[in-house]
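**Q** Below you'll find the structure I mean.
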Amino acid sequence: MLIVVLHLFSCSYHFYLAFENSICKHYITEKLWKHGYTHYVVPIVLKREIVEQFAPPYSFIAADDFRDPADLAKYLKYLMENKTAYLEYFMWRLDYHVVFLDGVHHDKLERPWGLCQHHLEGKRYEDRDHLENDLRAFFASKSPDFYVRGIRGLVERWLRRVNADGVYLVD
1 MLIVVLHLFS
11 CSYHFYLAFE
21 NSICKHYITE
31 KLWKHGYTHY
41 VVPIVLKREI
51 VEQFAPPYSF
61 IAADDFRDPA
71 DLAKYLKYLM
81 ENKTAYLEYF
91 MWRLDYHVVF
101 LDGVHHDKLE
111 RPWGLCQHHL
121 EGKRYEDRDH
131 LENDLRAFFA
141 SKSPDFYVRG
151 IRGLVERWLR
161 RVNADGVYLV
171 D
C-alpha cells in the first residue's frame, strides 16, 4: 500500500471523468475500467445506481450524488486538500483487482454484450426478427450451467486464440 500512496502523491491528476456517451441501465463505459481503474486516479461517473452494481464499493465518485457541478467541484477540492479522505477511494485495491482477459486489454468478450457479438460474428440476417429469433434460440439451447462454465473457461479459450502479437485469431 505504501507504493500506491507514494505513486498517488506523485501523480499530476487526481480524478478521471469516466462519463458514458449515453446512459444505459446495463452498460458501463470502458473509460471506467480502462482509464479509471488501471491508473491511480478516482473515476467520476454520471450515475451511481448503474455503476455500483458492477464496481468495487467506494471506488468511484458519482456526479448524481451532488446537487450541481459546483457541489461536485467543492467535494473534489476537499479531497485534493484532505489526503486521508482521498486515499479512502483506493482502499478497495486491498480486496479487489482489475483483471482483463489477456491481463492487459479490455476485450470485446468481457463486455456484457460480447457473447452476442461473438455468436453473431460473420452472420447475415434478412431483418431484425431473424436476428432476434437466432439469439433467442442460441440462449434457449444452452444448459443452465452454460454461463458459469463459459465464464470460467473464457480466459483459457481467449488466450489460446491470441497469437504472439496479440491478434485475436478467428476460425
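Read in order, the letters of the sequence shown are residues 1 to 171 in UniProt numbering. Where is the CB? At the ideal position from N, CA and C, for every residue including glycine.
Which residue wins for smallest C-alpha separation from Glu49, given the options Ala62, Arg128, Asp95, Ala85?
**A** Here residue 49 is taken as the residue at index 49 of the sequence shown, counted from 1. Of Ala62, Arg128, Asp95, Ala85, the residue nearest in Cα terms is Ala62.
**Q** Under 8 Å, do Phe54 and Ile44 count as touching if we go by C-beta distance?
**A** Residue 54 sits at position 54 when you count from the first residue of the sequence shown. Residue 44 sits at position 44 when you count from the first residue of the sequence shown. No, these two residues do not count as a Cβ contact at 8 Å.
**Q** Hey, out of Leu135, Cys24, Asn133, Tyr16, whose CA is closest to Ala73's CA?
**A** The sequence position of residue 73 within the sequence shown is 73, counting from 1. Nearest of Leu135, Cys24, Asn133, Tyr16 to Ala73, Cα basis: Tyr16.
**Q** Applying the 10 Å Cβ sphere with the 16-neighbour rule, what's the burial state of Leu32?
**A** Translated into positions along the sequence shown, residue 32 becomes position 32. So Leu32 ends up on the buried side.
**Q** Just how far apart, CA to CA, sit Arg128 and Leu135?
**A** If you number the sequence shown from 1, residue 128 lands on position 128. If you number the sequence shown from 1, residue 135 lands on position 135. Answer to the nearest angstrom: the Cα atoms are 11 Å apart.
**Q** For the alpha helix (DSSP H) that Pro69 lies in, which residues bound it at each end?
**A** Along the sequence shown, read from residue 1 onward, the residue named residue 69 stands at position 69. Its alpha helix (DSSP H) spans residues 69 to 81.
**Q** Which residues in the same chain have their Cβ closer than 6 Å to the Cβ of Tyr96, if we skip the five residues on either side of it in sequence?
**A** Along the sequence shown, one-based indexing puts residue 96 at 96. The answer, listed in chain order, is Pro56.
**Q** Taking just the CA atoms, how far does Ser22 sit from Glu132?
**A** As a position in the sequence shown, residue 132 is number 132, starting the count at 1. As a position in the sequence shown, residue 22 is number 22, starting the count at 1. So the alpha carbons of these two residues sit roughly 23 Å apart.
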